[in-house]
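Colleague:
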Ligand SMILES: Nc1ncnc2c1ncn2[C@@H]1O[C@H](COP(=O)(O)OP(=O)(O)OP(=O)(O)O)[C@@H](O)[C@H]1O
Ligand SMILES: [Mg+2]
């Protein structure tokens, strides 16, 4: 556990106001790319979280421009299961930063280290939420590239279902070379990720498709269900070699209670070739949701709102004219009707998704020119 008072006392940003807008109050933690702070938006008088990129990343012009492009894409990604990014900027000494909603809760990493393996319905419930956010990103042309339990935050308030938020969309490609968990493989400031959660193609520095994120989601689900990652090793090279060549152990051999259909979905996501996996997070999530519904597992991935006809069918009118609904009858009817391919999803999913932003990250070759053109500089 980090001693926050010590960190704050020595931290160059705590107590400062950035861009005359954000007063930095406390350091929350540090990752491979920078430090995260709790701050206050002064004019709105509202708490925010600010991630300030490491100085050495901020000094690299290409990295800084890429960061701005990606931050812009992240600002447009609006989804109830993705952390919302509201602003980005630069400190007086040139350190770039992004401003996000301040979240409360525990990272999935913390949950797993205490509670794994997690019971199937709970694991799926969290994964349905996380993959919905990733699906929205894919639709907007964003590949996360660094999905892992420490980038998933779970807020659990009393008597309420857990709410999952995925962090760090679009900034994973700025991971520095010397992060102990991350490894630069192609060229400086190029993507990486975290070896235990990285797809085989990511190790080769290949152009990635959304199926790379599907692989990482598969690793996370595997770990939630079994308490262990499919491949581990002493060095990134050893882990990479296993991701590329070894078949994963059957999750059901580790935890027998995992339903066969759920295991099939996990192993499908862990196929070595991107073309053999679900093409994107939406496809992966669809399979998971169908299986979950078929198995009758409780989940809180979306609010399925019954229409008025279903309510009438399941209800009786009281003498005062009020409709009294028999919830178990309503559930029965919905279970029967969900046998069709069409599952009516109302609420978060369709409403929260913004139209695709067609914001694909540019290629490295003529990168600087393209970025400058886009930014108009
Ligand atoms: N929006 C936020 N609200 C509250 N806490 C946050 C927020 N974003 C990040 N954090 C916390 O700040 C800490 C540091 O996050 P950071 O993303 O820098 O590190 P990481 O996820 O461990 O590593 P990486 O750099 O690989 O993403 C984490 O404990 C994370 O939970
Ligand atoms: Mg992170």
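Residue numbers (this note's numbering): 1046 to 1422.
Just so it is clear, CB atoms sit at the ideal spot from N, CA and C, and this is done for glycine as well.
Within the continuous alpha helix (DSSP H) that includes residue 1248, where are the two ends?
Modeller: Per DSSP, residue 1248 belongs to the alpha helix (DSSP H) from 1245–1248.
Colleague: Mind pulling the alpha helix (DSSP H) runs of 4 or more residues that sit fully within the region 1266–1343?
Modeller: The qualifying runs are 1281–1290, 1296–1299, 1305–1314 and 1326–1340.
Colleague: State buried or exposed for residue 1194, treating a residue as buried only when at least 16 other CB atoms are found within 10 Å of its CB.
Modeller: Flag for residue 1194 reads buried.
Colleague: My output table needs one value for residue 1057: the three-state DSSP class, helix, strand or coil.
Modeller: Here residue 1057 sits in coil by DSSP.
Colleague: Per the DSSP calculation, residue 1133 is bridged to which residue(s)?
Modeller: 1143.
Colleague: May I have the straight-line CA-CA distance separating residue 1424 from residue 1274, to the nearest angstrom?
Modeller: Any question about residue 1424 goes unanswered here, given that the chain covers just 1046 to 1422.
Colleague: Around the Cβ of residue 1292, are there at least 16 other Cβ atoms within 10 angstroms (buried) or fewer (exposed)?
Modeller: Counting Cβ neighbours within 10 Å, residue 1292 comes out exposed, since fewer than 16 surround it.
Colleague: Here's the rule I'm using: 16 or more other beta-carbon atoms within 10 Å means buried, otherwise exposed. How should residue 1089 be labelled?
Modeller: Exposed: under 16 other Cβ atoms inside 10 Å.
Colleague: Compute the Euclidean distance between the alpha carbons of residue 1125 and residue 1171, then round it to the nearest angstrom.
Modeller: So the two alpha carbons sit approximately 13 Å from each other.
Colleague: Is the region 1332–1341 touching the region 1170–1184, taking contact as three or more C-beta pairs under 8 Å?
Modeller: As far as the Cβ criterion goes, the region 1332–1341 touches the region 1170–1184, which means the pair count is three or higher.
Colleague: Of the residues 1151, 1186, 1140 and 1135, which one's Cα is nearest the Cα of residue 1327?
Modeller: Of 1151, 1186, 1140 and 1135, the residue nearest in Cα terms is 1186.
Colleague: Going by the DSSP bridge assignment, what does residue 1091 pair with across the sheet?
Modeller: The partner list for residue 1091 (beta bridge, DSSP) reads 1086.
Colleague: Considering only residues of the region 1143–1213, which uninterrupted alpha helix (DSSP H) runs meet the minimum length of 4 residues and lie entirely inside it, listed in chain order?
Modeller: The qualifying runs are 1153–1160 and 1165–1184.
Colleague: I'd like the span of the beta strand (DSSP E) that includes residue 1072, first residue to last.
Modeller: Run containing residue 1072: 1067–1075, per the beta strand (DSSP E) assignment.
Colleague: Report yes or no: do three or more beta-carbon pairs, one from the region 1267–1287 and one from the region 1134–1151, lie closer than 8 Å?
Modeller: No: fewer than three Cβ pairs fall under 8 Å.
Colleague: Let me have the residue list for ligand 2: C-beta closer than 6 Å to any non-hydrogen atom, ordered along the chain.
Modeller: Listed by chain position, these are 1076, 1195, 1196, 1212 and 1213.
Colleague: Could you give the distance in angstroms between the alpha-carbon of residue 1308 and the alpha-carbon of residue 1168?
Modeller: Straight-line Cα distance between these residues: approximately 13 Å.
Colleague: Hey, out of 1343, 1285, 1265 and 1148, whose CA is closest to residue 1154's CA?
Modeller: Residue 1154 has its Cα closest to that of 1265, out of 1343, 1285, 1265 and 1148.
Colleague: Taking DSSP's pairing of strands, which residues face residue 1081 in a bridge?
Modeller: Bridge partners of residue 1081: 1074 and 1096.
Colleague: Just the Cα atoms here: how many angstroms apart are residue 1092 and residue 1212?
Modeller: Going from the Cα of residue 1092 to the Cα of residue 1212 covers about 17 Å.
Colleague: Report the rounded CA-to-CA distance for residue 1197 versus residue 1262, giving the unit in angstroms.
Modeller: When rounded, the distance between both Cα atoms is 11 Å.
Colleague: Leaving out five residues before and five after residue 1156 in sequence, what residues of the same chain have Cβ atoms less than 7 Å from its Cβ?
Modeller: Excluding positions up to five away in sequence, the list reads 1199.
Colleague: Excluding the 5 residues flanking residue 1067 on each side, which residues of the same chain have their C-beta closer than 8 Å to its C-beta?
Modeller: The answer, listed in chain order, is 1084, 1085, 1086, 1087, 1093, 1095 and 1144.
Colleague: Quick one, are the C-beta atoms of residue 1064 and residue 1134 less than 8 Å apart?
Modeller: Yes, these two residues count as a Cβ contact at 8 Å.
Colleague: Just to confirm, does residue 1108 get its C-beta within under 7 Å of one of the non-hydrogen atoms of ligand 1?
Modeller: Residue 1108 Cβ: outside cutoff for every heavy atom of ligand 1.
Colleague: Give the single residue among 1165, 1240, 1128 and 1119 whose Cα lies nearest to the Cα of residue 1338.
Modeller: Measuring from the Cα of residue 1338, the nearest candidate turns out to be 1165.
Colleague: Find out if the Cβ-Cβ distance for the pair residue 1267, residue 1296 is shorter than 8 Å.
Modeller: Cβ distance < 8 Å, so residue 1267 and residue 1296 count as in contact.
Colleague: Check whether the Cβ atoms of residue 1210 and residue 1097 sit closer than 8 Å, and answer yes or no.
Modeller: No, these two residues do not count as a Cβ contact at 8 Å.
Colleague: So residue 1284 and residue 1240 are supposed to be a Cβ contact under 8 Å. How far apart are they, rounded?
Modeller: Between residue 1240 and residue 1284 the Cβ distance is about 4 Å, and since that is below 8 Å, they are a contact.
Colleague: Pull up the distance between the alpha-carbon of residue 1109 and that of residue 1161, whole angstroms please.
Modeller: In a straight line, the C-alpha of residue 1109 is about 38 Å away from that of residue 1161.
Colleague: Decide if residue 1204 is buried, meaning its Cβ has at least 16 other Cβ atoms within 10 Å, or exposed.
Modeller: By the 10 Å Cβ count, residue 1204 comes out exposed.
Colleague: Looking at the structure shown, is residue 1110 part of a helix, part of a strand, or coil, going by DSSP?
Modeller: Residue 1110: helix per DSSP, three-state reduction.
Colleague: How is residue 1253 classed by DSSP in three states: helix, strand or coil?
Modeller: Here residue 1253 sits in coil by DSSP.
Colleague: Closest to residue 1104 by CA distance: which of 1159, 1123, 1059 and 1078 is it?
Modeller: Nearest option by C-alpha distance: 1078.
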